[in-house]
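Asks: Pasting a structure here, questions to come.
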Amino acid sequence: MHPQPDWSAIRADFPILDQEVNGHPLVYFDNAATSQKPRAVIEALRTYYERDNANVHRGLHELSNRATDAFEAARGKVARFLGAASAEEIVFTRGTTEGINLVAQAWGGRFVRAGEVILLTEMEHHSNLVPWQLLAERSGARLRFVPVLEDGTLDLGALDALLTPEVKVFAFTHISNSLGTINPVAELCRRARAVGALSLVDGAQSAGHAPVDVRAMGCDFYAFSGHKMCAPTGSGALYGRAEVLEATPPWHGGGEMIVSVSYERATFKPAPHRFEAGTPNVAGAVGLGAAVDYLEAIGRERIFAHDEALALSALAKIETLPGIRIFGPREQRGGLVGFAAEWAHPHDLTTYANEYGLALRGGHHCNQPLMRKLGVPGTNRASFYFYNTEAEIDRMMAILTAAHGFFTR
Ligand code: PMP
């Protein structure tokens with residue numbers, strides 16, 4: 003296997019982790035919601051604003067040229083990071099949500115018609131559900147869902163019946179944010195292609211956590227958020243396969259995306275600029291590029307192995323508590339554990355944990371229909387990243403054990 007990096011030196015790159023919360027050392031286990039930022043990313047933002055800041059693409063002056071170069075260099079880094087064929091396949095967005103809305107509105111608005119089918123799964127985050135509901139409402143298309151089985155995996159046996167020629171797009175998450183399930187994305191993309199449907203992968207939980215190669219995956223679209231992978235909030239990108247992106251009409255109109263404009267009409271730039279109306283989040287893209295460099299220096303195989311090991315260890319330990327239900331697969335999971343305690347509502351347990359400096363998440367995790375199906379109001383979620391440690395899991399266990407005593411006293 004790959005040699006282990008010095009994880010404790012890596013942890014020291016994250017200044018925010020070194021603090022107390024409510025008089026206790028912070029244990030940050032809410033990484034699936036957003037990750038912390040290393041100094042390299044914070045410094046890249048600082049340097050950009052101290053030295054290079056200007057508007058991009060329009061200026062003919064030095065700073066504008068530098069800002070444009072930095073912005074486009076970041077696009078190239080993201081393309082490499084995802085294994086895209088070229089930088090033209092990368093549209094900067096403010097995150098996964100915006101990327102999926104772009105596809106649903108712009109591509110879906112043109113290509114999805116009444117009576118056709120949008121295939122999703124029962125484990126989708128609201129951001130890979132609601133944009134399609136809006137499209138279905140506008141177009142008269144229908145939604146279908148691949149069921150989730152008891153063990154938190156998709157019911158692939160049901161695919162044949164669901165993935166019929168009326169399906170125009172099959173959109174699914176790579177890694178579930180509440181179950182930790184890792185979906186067989188390459189197989190799902192291949193099955194979509196076989197019936198002439200496009201595939202969209204929600205990469206919010208995978209981009210910074212596992213090796214990603216969109217061409218090996220065979221997807222048409224892949225959306226992710228920068229803030230979950232060490233980059234600033236409001237940064238992210240959508241990969242679109244060149245041919246598909248080129249056929250997609252614009253969605254937002256404005257500056258930057260046009261070739262020429264009259265009072266009556268406009269002509270548009272090719273992808274990706276056609277999808278980037280207005281002044282973009284230049285600093286966010288620069289920070290995203292720095293995050294890509296940082297993650298690549300560690301290696302996503304190593305990050306994946308580290309986080310999976312923490313998740314499996316946490317799962318085994320949490321399970322020893324009385325009255326606990328664990329959600330999602332037993333093995334082969336992303337770096338998070340969803341669980342529910344019979345003896346405490348997820349919100350109450352999260353509030354209790356916070357008293358001791360432990361940042362968990364409790365609630366529906368933007369998976370309301372899935373929570374309903376699982377028969378719980380919500381779950382607690384501990385989600386890990388490469389700067390977390392086994393010692394922090396032990397600290398969590400001490401807090402959860404005390405919580406059990408507190409709530410059942
Ligand atoms: N999809 C999944 C699987 C997620 O976990 C999240 C974030 N919780 C999103 C989509 C939405 O990401 P963002 O809010 O950054 O757009």
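Offset between the sequence shown (1-based) and my numbering: plus 2. Backbone N, C-alpha and C fix where the C-beta goes; we use that ideal spot for every residue, glycine too. Keep in mind it's a predicted model, so treat the numbers as computed, not measured.
For R82, count neighbouring C-beta atoms within 10 Å of its own C-beta (all shown protein chains included) and say buried if the count is 16 or more, exposed if not.
Replies: Taking the first residue of the sequence shown as 1, we reach residue 82 at position 80. Exposed, because fewer than 16 other Cβ atoms sit within 10 Å of the Cβ of R82.
Asks: If you run the structure through DSSP and keep just helix, strand and coil, what is N382?
Replies: As a working note, residue 382 is residue 380 in the sequence shown. N382: strand per DSSP, three-state reduction.
Asks: How is R411 classed by DSSP in three states: helix, strand or coil?
Replies: Reading the sequence shown from its first residue, position 409 is the one you call residue 411. R411: coil per DSSP, three-state reduction.
Asks: How is the alpha helix (DSSP H) around I260 delimited, first residue to last?
Replies: One-based indexing of the sequence shown puts residue 260 at position 258. Looking at the DSSP string, I260 is not in any alpha helix (DSSP H); the run it does join, the beta strand (DSSP E), is 260-263.
Asks: For the ligand PMP, I want to know if K230 counts as a neighbour, meaning its beta carbon is within less than 8 Å of at least one of the ligand's heavy atoms.
Replies: Counting from 1 along the sequence shown, the entry for residue 230 is found at position 228. Correct: K230 has its Cβ closer than 8 Å to the ligand PMP.
Asks: Quick check on this structure: which residue in I328, Y387, N369, H349 has the alpha carbon closest to the alpha carbon of E152?
Replies: Numbered from its first residue, the sequence shown carries residue 152 at position 150. Nearest of I328, Y387, N369, H349 to E152, Cα basis: I328.
Asks: Could you give the distance in angstroms between the alpha-carbon of V58 and the alpha-carbon of A405?
Replies: As a first step, residue 58 must be located in the sequence shown, where it is residue number 56. As a first step, residue 405 must be located in the sequence shown, where it is residue number 403. Taking the straight line joining both Cα atoms gives about 52 Å.
Asks: Taking all protein chains shown into account, do 16 or more other C-beta atoms lie within 10 angstroms of the C-beta of A285, making it buried, or fewer, making it exposed?
Replies: As a first step, residue 285 must be located in the sequence shown, where it is residue number 283. Buried, by the Cβ-count rule.
Asks: Smallest Cα separation from G93: which of A188, L402, E258, V197?
Replies: Numbered from its first residue, the sequence shown carries residue 93 at position 91. Correcting the residue type first, residue 93 is Val in the shown sequence and not Gly. Among A188, L402, E258, V197, the Cα nearest to that of V93 is on E258.
Asks: In the DSSP output, what is D309 paired with across the bridge?
Replies: Counting from 1 along the sequence shown, the entry for residue 309 is found at position 307. Answer is none; D309 lacks a bridge partner.
Asks: Name the one or two DSSP bridge partners that R146 has.
Replies: The sequence position of residue 146 within the sequence shown is 144, counting from 1. Answer by DSSP bridge pairing, in chain order: L121.
Asks: Is the segment 244-254 touching the segment 85-103, taking contact as three or more C-beta pairs under 8 Å?
Replies: Yes, they touch.
Asks: Give the DSSP bridge partners of S201, in chain order.
Replies: Residue mapping note: residue 201 aligns to position 199 of the sequence shown, counting from 1. Answer by DSSP bridge pairing, in chain order: F172.
Asks: Quick check on the DSSP output: what are the complete alpha helix (DSSP H) runs of length 4 or more inside the segment 6-31, in order along the chain?
Replies: Qualifying alpha helix (DSSP H) stretches, in chain order: 9-13.
Asks: Spatial neighbours of I300 within its chain, please: C-beta separation below 7 Å, excluding the five flanking residues on both sides.
Replies: As a position in the sequence shown, residue 300 is number 298, starting the count at 1. These residues qualify, in order along the chain: P7, I12, F388.
Asks: For a test of your reading of the model: does the CB of T99 fall under 8 Å from any non-hydrogen atom of the ligand PMP? Yes or no.
Replies: The sequence position of residue 99 within the sequence shown is 97, counting from 1. Correct: T99 has its Cβ closer than 8 Å to the ligand PMP.
Asks: Using a 10 Å radius around the Cβ and a threshold of 16 neighbouring Cβ atoms, would you call V105 buried or exposed?
Replies: Sequence index remark: in the sequence shown, residue 105 carries index 103 (1-based). Buried, because 16 or more other Cβ atoms sit within 10 Å of the Cβ of V105.
Asks: Report yes if the C-beta of I177 is less than 8 Å from at least one heavy atom of the ligand PMP; otherwise report no.
Replies: Within the sequence shown, residue 177 is the residue found at index 175, counting from 1. True, at least one ligand heavy atom lies under 8 Å from that Cβ.
Asks: Do H367 and the ligand PMP come close, with the Cβ less than 8 Å from some heavy atom?
Replies: In the sequence shown, residue 367 corresponds to position 365, counting from 1. H367: yes, Cβ under 8 Å from the ligand PMP.
Asks: State the DSSP-derived secondary structure class of V114, mapped to helix, strand or coil.
Replies: As a working mapping, residue 114 is identified with position 112 in the sequence shown. Coil at V114, not helix or strand.
Asks: Looking at D32 and the ligand PMP, is the gap between the Cβ and the nearest heavy atom below 8 Å?
Replies: In the sequence shown, counting from the first residue as 1, residue 32 sits at position 30. False, no ligand heavy atom lies under 8 Å from that Cβ.
Asks: To the nearest angstrom, report how far apart C191 and A173 are at their CA atoms.
Replies: In the sequence shown, residue 191 corresponds to position 189, counting from 1. In the sequence shown, residue 173 corresponds to position 171, counting from 1. Roughly 9 Å separates the two Cα atoms.
Asks: Quick test of your reading: L84 and V214, contact by CB under 8 Å. State the CB separation rounded to the nearest angstrom.
Replies: Residue numbering aside, residue 84 sits at position 82 when the sequence shown is read from its first letter. Residue numbering aside, residue 214 sits at position 212 when the sequence shown is read from its first letter. At roughly 6 Å, the Cβ-Cβ gap stays under 8 Å, so L84 and V214 are in contact.
Asks: Tell me whether T95 sits in a helix, a strand or coil according to DSSP, three-state version.
Replies: Taking the first residue of the sequence shown as position 1, residue 95 is located at position 93. Looking at T95 - three-state DSSP - the assignment turns out to be strand.
Asks: Can you name, in chain order, every residue of its own chain whose Cβ lies under 7 Å from the Cβ of D54, other than the five neighbours on each side?
Replies: Counting from 1 along the sequence shown, the entry for residue 54 is found at position 52. So the list reads L65, R68, A69, A72, once near-sequence residues are dropped.
Asks: I need the straight-line Cα distance from H367 to G256, nearest angstrom please.
Replies: Residue numbering aside, residue 367 sits at position 365 when the sequence shown is read from its first letter. Residue numbering aside, residue 256 sits at position 254 when the sequence shown is read from its first letter. Rounded to the nearest angstrom, the two C-alpha atoms are 34 Å apart.
Asks: Let me know the secondary structure DSSP gives S141 once reduced to three states.
Replies: The sequence position of residue 141 within the sequence shown is 139, counting from 1. S141: helix per DSSP, three-state reduction.
Asks: Nearest-angstrom Cα distance between L426 and G101?
Replies: What is shown of the chain runs 3 to 411, which leaves residue 426 out entirely.
Asks: Distance check for A188 and P149, CA to CA, integer angstroms please.
Replies: Within the sequence shown, numbered from 1, the residue matching residue 149 stands at position 147. Within the sequence shown, numbered from 1, the residue matching residue 188 stands at position 186. Going from the Cα of P149 to the Cα of A188 covers about 18 Å.
Asks: Using only CA atoms, which one of P17, K79, Y50, A35 lies nearest to A239?
Replies: If you number the sequence shown from 1, residue 239 lands on position 237. Looking at the Cα atoms, K79 is the closest of the given residues.
Asks: Beta-carbon separation of A212 and S227 under 9 Å?
Replies: Sequence index remark: in the sequence shown, residue 212 carries index 210 (1-based). Sequence index remark: in the sequence shown, residue 227 carries index 225 (1-based). No, the Cβ-Cβ distance between A212 and S227 is not below 9 Å.
Asks: So which of F270, V171, T175, L297 has the shortest CA-CA distance to V426?
Replies: The question about residue 426 has no answer here: the residues shown for the chain are numbered 3 through 411.
Asks: Give every residue of the same chain whose Cβ lies closer than 6 Å to the Cβ of G236, excluding the five residues on either side of it in the sequence, and list them in chain order.
Replies: Here residue 236 corresponds to residue number 234 of the sequence shown, with the count starting at 1. So the list reads R96, N283, G286, once near-sequence residues are dropped.
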